[in-house]
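> Take this structure first; my questions come after.
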Ligand code: UDX
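Numbering (our numbering), first residue to last: 119 to 572.
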């Protein structure tokens, strides 16, 4: 009898940005652990670090893609639009070559939802494909809703404070203002990109870095809407942790944390893209200093416009942070959140940071900057009840009060209990027999076997 050979290669197509590279590389590790081979197709900008965690992966670079200065000039949304335009043809060539070299062995192209150019090659070579979403299922649902609104009238609603404070029909508890509009581009072009990201075209599955214990109703809603299997396989940082930091981590902060009291420190980080205005930095510094709690603050170079790092901030800033604060350019975030001295996380609520914080049972001060972060912040405060959101103009009094609520008050202790409860549920979901690991990931891998016998 002729032997049936099963295709084993997964092609991953990450967006060249930290918050996207991290989960897709973890997904690669998870799939590799299930016996699949991994090829990562990169753009020339933002190469994935050659960490030993990925030494068994195969890497390819799409020729002629955009550069870091294009990102600066175009901004994230127009950069993505352009990247999708120019990569379509060269990605087809890459895939054609790969198919020749690997003897037709591609089981599935798993592409980040923002790398929708991948679909042209998938169609041409008739390959199975899956869309990978690095945000929450709820944010995906919101993008689908936004993809079908009229940009002009939605903009008017958003500008009307009475409307923007109201719950958006069908998305309770999200208000109009919590929907993932973006600080990085005009509404119309953002909505156009959303239309592309939620259009799954010929993809036969959607993989989401989430777990059913966090957002079962959004997952069910997506499942009904998309009509292809939706696999919540997260949180990937617990299931398949891997080091993929694009910036150098300053580990001196761990020694500093070692000297602080249990549960006393506020860890502050706004992820890889958010910006802070000087006046907000000062209000934060005042509020943190007045709270009398120690704080570890990640200030990413370039995140305060007009300043390389912190050198052009007023002298007042150094005075305020010198007594109880410790500042780094980039931290080993997972290790920081796991440290017993950390009592709360002040975050922009990127989805990775949100999952990482819940995964360590750390309650959050939520100050979303843009996009899906607003959705996550609302869920942290209203659905999971493990966060306090700071809204409107940032003010030192409100900062001090938020720190007090989380670190000193009974309310904070309750939030920590709920966060620990969720942490345990997340851990269970990626254990053998859990909903993410055993059901979702294994179902996805098995679905490849049935599609790909050759
Ligand atoms: C953005 C979106 O907000 C997010 O929801 C989407 O899924 C990806 O794009 P980003 O701003 O990068 O993400 O935030 P986040 O998703 O939180 O990812 C940041 C990553 O950088 C986290 O994995 C975090 O651990 C890491 N990080 C951050 C560090 O390793 N060190 C730091 O000092 C700060």
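Glycine included, every Cβ here is placed at the ideal spot set by N, Cα and C.
1. For the stretch 451-525, list the beta strand (DSSP E) runs that are entirely contained and at least 3 residues long, ordered along the chain.
2. Tell me the DSSP secondary structure of residue 358 in three-state form.
3. Could you give the distance in angstroms between the alpha-carbon of residue 566 and the alpha-carbon of residue 398?
4. Could you tell me how far apart the beta carbons of residue 524 and residue 515 are, in whole angstroms, since I believe they sit closer than 8 Å?
5. Are three or more beta carbon pairs between the stretch 357-370 and the stretch 138-158 nearer than 8 Å?
6. Indicate the three-state DSSP secondary structure (helix, strand or coil) for residue 127 in the structure shown.
7. Roughly how many angstroms separate the alpha carbons of residue 276 and residue 289, rounded to a whole number?
8. Skipping 5 residues on each side, what residues in its chain have a beta carbon closer than 8 Å to that of residue 185?
9. The ligand UDX and residue 490: does the residue's C-beta get closer than 6 Å to at least one heavy atom of that ligand?
10. Check whether the stretch 501-515 and the stretch 480-491 are in contact - that is, three or more C-beta pairs closer than 8 Å.
11. Check this for me: beta carbons of residue 204 and residue 129, under 7 Å apart or not?
12. Is it buried or exposed, residue 434, if we count other Cβ atoms within 10 angstroms and call 16 or more buried?
13. Tell me the DSSP secondary structure of residue 372 in three-state form.
14. For residue 173 and residue 144, what's the separation of their Cα atoms in angstroms?
15. Compare the C-alpha of residue 232 against each of 201, 246, 254, 188 and name the closest.
16. Smallest Cα separation from residue 541: which of 558, 478, 510?
17. Taking only three categories from DSSP, how would you classify residue 388?
18. Under a Cβ-count criterion, where at least 16 other Cβ atoms within 10 Å of its own Cβ denotes burial, should residue 253 be classed as buried or exposed?
19. Going by DSSP, what residues sit across from residue 178 in a beta bridge?
20. Of all the options 132, 125, 171, 136, which has the alpha carbon lying nearest to the alpha carbon of residue 155?
21. Let me know if residue 299 comes out buried or exposed under the rule of 16 or more other beta-carbons within 10 Å of its beta-carbon.
22. Output the distance between the C-alpha atoms of residue 580 and residue 415, rounded to the nearest integer angstrom.
23. Residue 402: which of 420, 465, 371 sits nearest, CA to CA?
24. For the ligand UDX, is there any heavy atom lying closer than 6 Å to the beta carbon of residue 391?
25. Looking at the structure shown, is residue 230 part of a helix, part of a strand, or coil, going by DSSP?
26. May I have the straight-line CA-CA distance separating residue 273 from residue 305, to the nearest angstrom?
27. Touch check for the stretch 453-470 and the stretch 422-440: three-plus C-beta pairs under 8 Å?
28. Which first and last residues belong to the beta strand (DSSP E) in which residue 443 is found?
29. State yes or no: is the C-beta of residue 557 within less than 7 Å of the C-beta of residue 351?
30. Would you mind working out which of 292, 230, 528, 364 sits nearest residue 136, comparing C-alpha positions?
31. In terms of residue numbering, what span does the beta strand (DSSP E) encompassing residue 294 cover?
32. Judging by CA-CA distance, which residue of 511, 324, 488 is the nearest neighbour of residue 396?
33. Can you tell which of 412, 348, 207, 211 has the C-alpha that lies nearest to the C-alpha of residue 323?
34. Just how far apart, CA to CA, sit residue 147 and residue 235?
35. From the DSSP secondary-structure annotation, give me the bridge partner or partners of residue 415.
This is what the structure holds:
1. 460-465, 482-484, 505-507
2. coil
3. 49 Å
4. That pair is no contact at about 15 Å.
5. yes
6. strand
7. 16 Å
8. 162, 163
9. yes
10. yes
11. no
12. exposed
13. helix
14. 13 Å
15. 201
16. 478
17. coil
18. buried
19. 159
20. 125
21. buried
22. This structure cannot settle anything about residue 580, because the visible part of the chain is limited to 119 through 572.
23. 465
24. yes
25. strand
26. 8 Å
27. no
28. 443-446
29. no
30. 364
31. Careful: residue 294 lies outside any beta strand (DSSP E) and carries neither H nor E.
32. 511
33. 348
34. 24 Å
35. 386, 445
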